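Below: the structure, in C-alpha cells.
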Amino acid sequence: MKFLVDTNIISDSRRTLLSPARTWLSAQRESDIQISVITLFELEVGVQRAEREDPLQGKRLRIWLDNNVKRNFKGAFILVDDRIAQVAANLQFPDPLPHMDGLIAATALVHDLVLVTRNVKDFDQTGVSLFNPWE
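Residue numbers (the working numbering): 149 to 283.
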C-alpha cells in the first residue's frame with residue numbers, strides 16, 4: 149500500500165518522539181511514502197512566516213525543512229499536473245473545498261494513494277481513502 153502524507157503529519161512528526169505521526173512514518177517503507185508539492189508549499193509558508201516573526205524559531209524550522217523533509221523525501225514529491233488539476237476542479241462541486249485540500253485529495257485519487265491525515269473531516273466528501281494515525 150502506498151500513501152500520500154498530508155502537511156499535518158509531516159509537521160507533527162517533528163514535535164515529539166512519541167507523536168503518532170512520527171511513530172507511523174518511521175514504521176513505513178520509504179518507497180511507500182509520497183508527498184504532494186502542495187504540502188511542501190504549505191510547509192514553506194509556515195517556515196517563511198516563522199522566519200519573519202521569530203527568527204530563531206524560523207532558523208530551526210528552515211534547517212528541519214531543508215535538511216530533514218527535503219532530504220529524506222527527495223524523489224517522493226508529486227507535482228500537480230493536468231489530471232490532478234481536473235480532478236481537483238471536479239471536487240469543488242457540489243460543495244467547494246479549500247483549493248489546497250482539493251489538490252491534495254486529487255493527487256491521492258489520481259495516483260491511487262491512501263491519504264494520511266489527522267484532518268479526515270476535511271477530506272470526507274472527496275472519496276479518497278483515508279488513514280488517521282491518531283485513531
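Cβ coordinates follow ideal geometry from the N, Cα and C atoms, glycine included. Quick caveat, the model's predicted, so the values are computed rather than measured.
| Asked | Found |
| --- | --- |
| Exposure of Asp243, with buried meaning 16 or more beta-carbon neighbours within 10 Å | exposed |
| Run of the beta strand (DSSP E) containing Val264, from where it starts to where it stops | Val262 to Val264 |
| Residue environment, Phe241, which counts as buried when at least 16 other CB atoms sit within 10 Å | exposed |
| 8 Å contact criterion, which Val141 and Leu257 should meet: CB distance rounded | This structure cannot settle anything about residue 141, because the visible part of the chain is limited to 149 through 283. |
| Top-ranked residue by Cα proximity to Ser159, from Asp180, Lys218, Ala175 and Lys150 | Lys218 |
| Where Val258 falls: helix, strand or coil (DSSP) | helix |
| Inter-stretch contact at 8 Å, needing at least 3 Cβ pairs: the region 216-236 / the region 184-191 | yes |
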